[in-house]
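Student: Before anything else, here's the structure in question.
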């Protein structure tokens, strides 16, 4: 971990620095250029206006800390740097700040899912068991007002050295309470059944495991306990690296949580250089949870919003009216905060990310919608699964099961008709559409034709397409085409040469 301190007194000479930290004091610019995990501004320093400008791209947003009283010593260029970095004031004492750096500002992200099917149920303690789909399980129980263990997850959770984890469980209850019991096991041993603790999970915040921060390898096993006489709809269990409140997946990341079913997606705003446009990028299907394309959009220097869907096995196309409305509110909030308008908004997505980029981009009247491998007909993707893509994307049935009453052809057809009916009634007269598609797409081979026939697209400011031979994942060069359209817009439409 590289930490740069800027100020009058070197903390490394007064406080204990963990061995994992490479501490630099007022060493900017360095002889050899490199990036920093954290920058700490403790007071007056020697940096020039040019130094502040270059330092902005050597440390990620939300990874800059300044102390109370430091602002009075900073130049206008330094204060602009703080705004671009979404810097935060830290009121802790220096040793506490130093100790927390490895816990909160580490590099990387991680999150894994455990489906209800991985729960080994104690069936004799349950009155009713019904799997609604791969992501949801309906249970009924009567525990005589006592806490009862109803099952344990098959797989242990590996606790990475020098990481803390937090848990999040999707569920809905009726006349029944739920909690988790966590058993801690150290590497090389069988574990002690008494070495366990209870996690109350009834709030809308993830619960961090109350364990020590250590470089030792550990495992945890999780059991589900219930109390009462009622029903429980159990969803996916999520295990994620914790930053102790500093961000979801990466520093600055946030969550959007649906309180009715506890489903969540994550959003992240990168201020960039605070100049137009605002890029929005929706991650594709991800087996591991986390944001996608951070380096790409960071290097483009423009403000960016990243969105990722953690539901079901690989995401859920950012669907449901609640999530769609909350994502739009998040985008509009930062448009307003930046002082931008919708003519300075670019919606981007690849594969699964194209669905919200097209749908929400059309609703918002964005300046441009830039997508590759468009997937719009979620019903069609399911219908093609059995014969044209066997066992290739079975989670589409779980996704569609959240959106239609029955998984019948008529319902799936109506799902797609609803998408295009809404899309075709949007005003795209000021919107540019760039669509790269696979000519033999084995997921949605009709999206490009629907776009060509769309009356809304016919009135669009621009509609450019590029076909690539092959199935959905056959030619990665389509991603380069996608990036090329984005950089072209930034350069010629917004005057960005960086």
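Numbering (the working numbering), first residue to last: 3 to 500. Every residue gets a Cβ at the ideal spot worked out from N, C-alpha and C, and that includes glycine. Remember, it's a predicted structure, so these values are computed and weren't measured experimentally.
Can you give the beta carbon distance from residue 333 to residue 307, rounded, assuming they're within the 8 angstroms contact cut?
Tutor: Indeed they touch by this definition, with Cβ atoms about 6 angstroms apart.
Student: Considering only DSSP beta bridges, list what residue 92 is partnered with.
Tutor: Paired residues: none, contrary to the question.
Student: Between residue 143 and residue 150, what straight-line distance do the alpha-carbon atoms span, to the nearest angstrom?
Tutor: In a straight line, the C-alpha of residue 143 is about 10 angstroms away from that of residue 150.
Student: Keeping to the same chain, check which residues put their C-beta closer than 6 angstroms to that of residue 178; ignore five residues upstream and five downstream.
Tutor: So the qualifying residues of the chain are 228, 230, 232 and 234.
Student: Just to confirm, is the Cβ distance from residue 373 to residue 359 under 7 angstroms?
Tutor: Cβ atoms of residue 373 and residue 359: closer than 7 angstroms.
Student: Under three-state DSSP, which class holds residue 445?
Tutor: The answer is coil: DSSP assigns residue 445 none of H, G, I, E or B.
Student: For residue 240, is the classification buried or exposed, using 16 other Cβ atoms within 10 angstroms of its Cβ as the cut-off for buried?
Tutor: Buried.
Student: Grouping DSSP H, G and I as helix and E and B as strand, with all else coil, what is residue 122?
Tutor: Looking at residue 122 - three-state DSSP - the assignment turns out to be strand.
Student: Could you tell me whether the Cβ atoms of residue 413 and residue 407 are closer together than 7 angstroms?
Tutor: For residue 413 and residue 407, yes; Cβs fall inside 7 angstroms.
Student: According to DSSP, what are the bridge partners of residue 310?
Tutor: Paired residue(s): 268.
Student: Provide the residue(s) that pair with residue 329 in DSSP beta bridges, ordered along the chain.
Tutor: Residue 329 pairs with nothing; no bridge assigned.
Student: For residue 164 versus residue 197, is the C-beta spacing smaller than 7 angstroms?
Tutor: For residue 164 and residue 197, no; Cβs fall outside 7 angstroms.
Student: Rounded to whole angstroms, what's the CA-CA distance from residue 331 to residue 345? Just pull it up for me.
Tutor: Residue 331 and residue 345: Cα-Cα distance of roughly 17 angstroms.
Student: For the region 319-382, which segments carrying the alpha helix (DSSP H) assignment without a break, of at least 4 residues, lie completely within its bounds, in sequence order?
Tutor: Qualifying alpha helix (DSSP H) stretches, in chain order: 323-340 and 356-366.
Student: Please report how far the alpha carbon of residue 262 lies from the alpha carbon of residue 78, in whole angstroms.
Tutor: Cα to Cα, the separation comes out at about 46 angstroms.
Student: Since residue 231 is in the beta strand (DSSP E), which residue starts that stretch and which ends it?
Tutor: 220-244 is the extent of the beta strand (DSSP E) around residue 231.
Student: Does the region 388-396 come close enough to the region 423-434 to have 3 or more Cβ pairs within less than 8 angstroms?
Tutor: Cβ pair count under 8 angstroms is below three, so no.
Student: Determine the direct distance from the alpha carbon of residue 449 to that of residue 457, and round the result to whole angstroms.
Tutor: Their backbone Cα atoms lie some 14 angstroms apart in a straight line.
Student: Give me the Cα-Cα distance between residue 27 and residue 4, rounded to the nearest whole angstrom.
Tutor: The straight-line gap from Cα to Cα measures roughly 11 angstroms.
Student: Does DSSP put residue 25 in a helix, in a strand, or in coil?
Tutor: Of the three classes helix, strand and coil, the one that applies to residue 25 here is strand, per DSSP.
Student: Report all residues from its chain with a CB closer than 7 angstroms to the CB of residue 473; omit the five preceding and five following residues, and keep chain order.
Tutor: Same-chain partners within the cutoff: 440, 442, 443 and 444.
Student: When the Cα atoms are used, what is the spatial distance from residue 181 to residue 170?
Tutor: Cα to Cα, residue 181 sits roughly 11 angstroms from residue 170.
Student: Decide if the region 49-60 is in contact with the region 23-38; the criterion is three or more beta carbon pairs, one per stretch, under 8 angstroms apart.
Tutor: In short, these stretches touch, since the Cβ pair count reaches three.
Student: Keeping to the same chain, check which residues put their C-beta closer than 7 angstroms to that of residue 123; ignore five residues upstream and five downstream.
Tutor: 131, 152 and 153, listed in sequence order.
Student: Please name the residue or residues paired with residue 259 in a DSSP beta bridge.
Tutor: DSSP, once it has assigned bridges, lists 266 as partnering residue 259.
Student: Counting only the same chain and skipping the five closest in sequence on each side, list residues whose C-beta sits under 8 angstroms from that of residue 107.
Tutor: Only 3, 39, 40, 65, 245, 248 and 253 meet the Cβ criterion.
Student: Hey, how far is the Cα of residue 135 from the Cα of residue 238?
Tutor: Looking at the two C-alpha atoms, the distance is approximately 11 angstroms.
Student: Would you tell me roughly how many angstroms separate the C-alpha atoms of residue 295 and residue 468, rounded to the nearest one?
Tutor: Rounded to the nearest angstrom, the two C-alpha atoms are 22 angstroms apart.
Student: How far does the alpha helix (DSSP H) with residue 132 in it reach, from first residue to last?
Tutor: From DSSP, residue 132 is part of no alpha helix (DSSP H) but of the beta strand (DSSP E) over 130-135.
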